[in-house]
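Heads up: the sequence shown is residues 180 to 375, going by the working numbering.
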Amino acid sequence: MLDLTLVGNEFQSSLEGDDSDILLERYLAAYTELNNIFPILGNVFKFVSKDVTHKISLLRGHMETHPESYRTVRAMVKHERESGCVEKNRENGCRTLLRLHRALEFVSEFMNAIYETSEESIVNPVWDAYSGTLAAHHTWLVRKTVGGAMYTLPTRSDLLSQVGGSDNLPWLVAIIRRVYGTVQHMFSEHNLLQLK
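Written out as structure tokens, the structure is:
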């Protein structure tokens, strides 16, 4: 079962100061728990969970190797820009975090759509959330695969029973949007939003 309160608390504790930076360890702790949502969505989404686990592991590896340089997102960006690894290493922290960042926008929109809909079928709200976020970064083949996977989604009530209900969703979506906004601003400021 996914603990939405833990996810929200970890994301909230990742915000540093006046939302000008993100503590990477807290961000990854939140994402580790949030990753439990993908298996709930069905077997087709298990590959997403594995990919997220791999990205978290890559970032933790960077943190272990260079703890001070990967303490916050701002420190990571500075370190990787100065060392040149953003351009040289495809498994750099900035590129890896960008992929998690994009998925976080989808999760935020997806959870908001689940909260706002009263329909039992969540296919349309989830498809709309995907189309407005991740689809722009996916190939035609991935978009078609995701489209087919939508029809394997659980019902709204089944999903909500796995995440402890809908009461925390507005609070969680608000926190995720703050975290997303902070990373978005930093990555935009350093021209990192289009990393391949």
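Each residue gets a CB set at the ideal place from its N, CA and C atoms; glycine is no exception.
Taken through DSSP and simplified to helix, strand or coil, residue 301 comes out as coil. Take residue 289, set aside five residues on each side of it, and the residues of its chain with a beta-carbon closer than 7 Å to its own are 305 and 308, in chain order. Under the three-state reduction of DSSP output, residue 243 falls in the helix class.
Residue 253 is a Cβ neighbour of residue 200, given a cutoff of 9 Å. Taken through DSSP and simplified to helix, strand or coil, residue 200 comes out as strand. When only Cα atoms are considered, residue 284 and residue 232 end up about 17 Å apart. A distance below 6 Å between beta-carbons, with the five flanking residues on each side excluded, links residue 264 to the following residues of its chain, in chain order: 271. In the DSSP assignment, residue 360 falls within the alpha helix (DSSP H) that extends over 348-368. Inter-residue distance for residue 239 and residue 250 is about 10 Å (C-alpha atoms, whole angstroms).
Put simply, the backbone Cα of residue 206 is about 16 Å away from that of residue 364. Inclusion of residue 219 and residue 342 in the CB contact set at 9 Å is warranted, their separation being smaller than that value. Looking only at 221, 267 and 208, the smallest Cα-Cα distance to residue 234 is reached by 208. Within the same chain, 374 come within 6 Å of residue 277 by CB-CB distance, once the 5 residues on both sides are set aside. According to the DSSP secondary-structure assignment, residue 211 is paired through a beta bridge with no residue. Closest in alpha carbon position to residue 216, among 333, 356 and 358, is 333.
In its chain, beyond the 5 residues on either side, 366 have a beta carbon closer than 6 Å to the beta carbon of residue 372. Across the set 225, 211, 224 and 275, the C-alpha of 275 shows the shortest separation from the C-alpha of residue 241.
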